[in-house]
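*Asks:* Here it is, the structure, as structure tokens.
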Amino acid sequence: MSTLHVLSHSPFTDSRLTSCLRLLGPQDAILLCGDAVYALQPGSAPLAALQARGEALALYVLAEDQQARGLEVPAWATSVDYPAFVALSIHYDKVNSWL
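No gaps in the numbering here: position 77 of the sequence shown is 77 in full-length UniProt numbering, and each next residue is one more.
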């Protein structure tokens, strides 16, 4: 069963991203939104943890939040708008919001 993991909290204030990466299955994906997009800060430990997953990681970034924070989306990640977020939610068997 595939799961879309939705993260919205900064990876610099808690361990949700680390926990999510530990539990991530081979068919799962991550969507960064809100302050979770700070995981894309160049040279940061959260970015290194995401990069370490390589091409096996399906990573999506909510474009509105990424643009509001002035961050770049790496070439190996996919920027999505709200309609694409809804489509992802339908595509995956389950959606897990890391509140």
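Glycine included, every Cβ here is placed at the ideal spot set by N, Cα and C. No experiment lies behind these values; they were computed from the predicted model shown.
Along the chain, where does the alpha helix (DSSP H) containing residue 17 start, and where does it finish?
*Replies:* As a first step, residue 17 is located in the sequence shown; it is residue number 17 there, counting from the start. Its alpha helix (DSSP H) spans residues 16-23.
*Asks:* Going by alpha carbons, who is nearest to residue 85 out of 38, 76, 97?
*Replies:* Reading the sequence shown from its first residue, position 85 is the one you call residue 85. Nearest option by C-alpha distance: 97.
*Asks:* Among 1, 92, 71, which residue has its Cα nearest to the Cα of residue 43?
*Replies:* Counting from 1 along the sequence shown, the entry for residue 43 is found at position 43. Nearest of 1, 92, 71 to residue 43, Cα basis: 71.
*Asks:* Quick check on residue 80: does DSSP put it in helix, strand or coil?
*Replies:* Position 80 of the sequence shown, counted from the start, is the residue given in the question as residue 80. Strand at residue 80.
*Asks:* Let's test the definition: count the other Cβ atoms within 10 Å of the Cβ of residue 30 and tell me whether it reaches 16, buried, or not, exposed.
*Replies:* Along the sequence shown, read from residue 1 onward, the residue named residue 30 stands at position 30. Residue 30 is buried by the Cβ-count criterion.
*Asks:* Using 7 Å as the threshold, is the C-beta distance between residue 8 and residue 25 below it?
*Replies:* Residue 8 sits at position 8 when you count from the first residue of the sequence shown. Residue 25 sits at position 25 when you count from the first residue of the sequence shown. Cβ atoms of residue 8 and residue 25: not closer than 7 Å.
*Asks:* Using the C-alpha atoms, what's the distance from residue 55 back to residue 74?
*Replies:* Locating residue 74 in the sequence shown gives position 74, where the first residue counts as 1. Locating residue 55 in the sequence shown gives position 55, where the first residue counts as 1. So the alpha carbons of these two residues sit roughly 12 Å apart.
*Asks:* Can residue 88 and residue 23 be called in contact, C-beta distance under 7 Å?
*Replies:* Here the question's residue 88 lines up with position 88 in the sequence shown. Here the question's residue 23 lines up with position 23 in the sequence shown. Taking 7 Å as the Cβ cut-off, residue 88 and residue 23 do not qualify as a contacting pair.
*Asks:* Helix or strand or just coil, what does DSSP make of residue 97?
*Replies:* Counting from 1 along the sequence shown, the entry for residue 97 is found at position 97. Residue 97 falls in the strand class under three-state DSSP.
*Asks:* For residue 28, does the count of other Cβ atoms within 10 angstroms reach 16, so buried, or fall short, so exposed?
*Replies:* Within the sequence shown, the letter at position 28 stands for residue 28. Answer is buried; the Cβ neighbour count reaches 16.
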